[in-house]
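Mapping of the sequence shown onto numbering that gives the first Met the number 0: residues 0 to 262, in sequence order.
For each residue, glycine too, the CB sits at the ideal point set by N, CA and C.
All of these numbers come straight from a predicted model, not from anything done at the bench.
Beneath this line is the structure, given in structure tokens, with notes to follow.
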Amino acid sequence: MSAVRLTHFTDPHLYGDENESLRGVATLPALTAALAHARARDWPPDALLVTGDLVQDDPAGYPHFRRLFGALGLPVLCLPGNHDEPQAMQRELSGEPFVLGGFVDLGRWRIVLLDSCLPGSASGALSAPALAALEEALAGAGTRHCMVCLHHHPVPMASRWLDRVGLTNAAEFLHVIDGHRNVRAIVWGHVHQSYDALRQGVRLLATPSTCAQFLPNADEFAVDRRPPGYRTLELHADGSLLTEVVWVERHAGGSSRSACSAA
Numbered sequence: 000m001s002a003v004r005l006t007h008f009t010d011p012h013l014y015g016d017e018n019e020s021l022r023g024v025a026t027l028p029a030l031t032a033a034l035a036h037a038r039a040r041d042w043p044p045d046a047l048l049v050t051g052d053l054v055q056d057d058p059a060g061y062p063h064f065r066r067l068f069g070a071l072g073l074p075v076l077c078l079p080g081n082h083d084e085p086q087a088m089q090r091e092l093s094g095e096p097f098v099l100g101g102f103v104d105l106g107r108w109r110i111v112l113l114d115s116c117l118p119g120s121a122s123g124a125l126s127a128p129a130l131a132a133l134e135e136a137l138a139g140a141g142t143r144h145c146m147v148c149l150h151h152h153p154v155p156m157a158s159r160w161l162d163r164v165g166l167t168n169a170a171e172f173l174h175v176i177d178g179h180r181n182v183r184a185i186v187w188g189h190v191h192q193s194y195d196a197l198r199q200g201v202r203l204l205a206t207p208s209t210c211a212q213f214l215p216n217a218d219e220f221a222v223d224r225r226p227p228g229y230r231t232l233e234l235h236a237d238g239s240l241l242t243e244v245v246w247v248e249r250h251a252g253g254s255s256r257s258a259c260s261a262a
């Protein structure tokens, strides 16, 4: 496997009612369109990644997710967001092709899936067992490069309201990350916008939602006019990665493409 190819979807916010909308976007049709858009491009990837808020506080949305993703013949790596119902998610998405938490080794890469959710809170935190599991996964990766995935953002997004609901123990999380030279990227959802930065040689990536987007750099909550989106990633054997954010326009798709070499 020369490069590991992933397609990253996040925050679909599905309901049991297939016509229900969130902030003006019908969430199931939007996710269906994003998936169809991805399948019409460079398909198939080696795996699909979904970083939380699969549903909008409605467990009846999980069967829609299972129907869309379950028949694709690809591993679907999932973790929960603050709007998910963990027990229902575990029940509805148990067994192949779904992978809930833990880590997956693909080629020269280890993909680590973390649960950052706090019951009843929009903010997130990683429990002591989760941090210990992260430490173990990174320490045991051998010569593999690592990509760490979670729902909540571990760095500020320059958005006052949004930064009140990020990862509350980000310093502890980043302390673990900083202790391992094999971490190449951290990927998250939750923020409903694209983000791409570098911190101490580690790529920091947030992916747009497949439904509505939040306005970047806003002090108060505001919805952006950008369309649904998703991200593709190529993880190369030398630790470099190539990533593209794809916006699902009504008539034509736009994208933002960038590359990064290993630190």
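According to the Cβ coordinates, are residue i and residue j closer than 9 angstroms?
| i | j | result |
| --- | --- | --- |
| M307 | L232 | Because residue 307 is not part of the residues shown, which for the chain are 0 to 262, the question remains open. |
| R143 | D218 | no |
| V164 | A205 | no |
| F213 | V190 | yes |
| A29 | P44 | no |
| L149 | G123 | yes |
| A236 | S1 | yes |
| L166 | H152 | yes |
| F68 | L47 | yes |
| E134 | G178 | yes |
| P74 | V103 | yes |
| A32 | V247 | yes |
| A131 | N181 | no |
| G94 | C116 | no |
| L34 | H63 | no |
Would you mind working out which of the options sits nearest residue i, comparing C-alpha positions?
| i | options | result |
| --- | --- | --- |
| A129 | H144, S239, G100 and D45 | G100 |
| V154 | A169, C116 and D56 | A169 |
| W108 | G238, R224 and G80 | G238 |
| A59 | P85, V75 and A39 | P85 |
| H82 | L53, A221 and V222 | L53 |
| T6 | C116, L71 and R180 | L71 |
| I176 | Q192, L125 and D162 | L125 |
| M88 | Y61, E95, P74 and V75 | Y61 |
| L113 | L105, L78, G141 and V247 | L78 |
| P227 | A140, L241 and Q192 | Q192 |
| L241 | V247, R230 and E248 | R230 |
| G22 | H36, Q55, P96 and G51 | It is Arg, not Gly, that sits at residue 22 in the sequence shown. Comparing Cα positions, the closest option is Q55. |
| I185 | L105, T50, G106 and R66 | T50 |
Can you tell me where the alpha helix (DSSP H) with residue i in it begins and where it stops?
| i | result |
| --- | --- |
| H36 | T26 to R38 |
| A132 | A127 to A138 |
| L67 | Y61 to G69 |
| V75 | Unbroken run through V75 is the beta strand (DSSP E), V75 to L78; no alpha helix (DSSP H). |
| L161 | R159 to D162 |
| P85 | P85 to E91 |
Answer with buried or exposed for residue i, where buried requires no fewer than 16 other C-beta atoms within 10 angstroms of its C-beta.
| i | result |
| --- | --- |
| H250 | Since pLDDT at H250 reaches only 30, below the 50 mark, its modelled position is unreliable, and no value is offered. |
| S208 | buried |
| S255 | Any reading at S255 is ruled out, since the residue's pLDDT is 44, under 50, leaving its predicted position unreliable. |
| W42 | exposed |
| L13 | buried |
| N216 | exposed |
| P118 | exposed |
| R183 | buried |
| L137 | buried |
| A196 | exposed |
| R225 | buried |
| F8 | buried |
| R315 | The requested residue 315 does not occur in the structure, where the chain is confined to residues 0 to 262. |
| A261 | Caution applies to A261, whose pLDDT of 33 falls short of 50 and renders its modelled position unreliable; the model cannot decide the point. |
| R4 | buried |
| G253 | Any reading at G253 must be qualified, since the residue scores a pLDDT of 40, below 50, and its modelled position is unreliable; the value itself is stated next. Label assigned to G253: exposed. |
| F220 | exposed |
| A37 | buried |
| A211 | buried |
Across which residues does DSSP place residue i in a beta bridge pair?
| i | result |
| --- | --- |
| G101 | L112 |
| Q212 | D223 |
| H7 | L48 and R230 |
| L197 | R202 |
| A2 | H235 |
| L166 | G123 |
| S175 | It should be pointed out that residue 175 corresponds to Val in this sequence rather than to Ser. DSSP, once it has assigned bridges, lists no residue as partnering V175. |
Hey, could you find the ends of the beta strand (DSSP E) residue i is sitting in?
| i | result |
| --- | --- |
| W187 | V182 to W187 |
| W246 | L240 to W246 |
| L13 | Unbroken run through L13: none, as it is neither H nor E. |
| H144 | H144 to L149 |
Confirm the yes/no value for this check: CB of residue i, any heavy atom of the ligand MG, distance under 8 angstroms.
| i | result |
| --- | --- |
| D223 | With respect to small molecules bound, the structure shown includes none, and the ligand MG cannot be examined in it. |
So with Cβ pairs under 9 angstroms, would you call residue i a contact of chain C?
| i | result |
| --- | --- |
| L113 | The displayed structure is made up of one protein chain only, and chain C is not part of it. |
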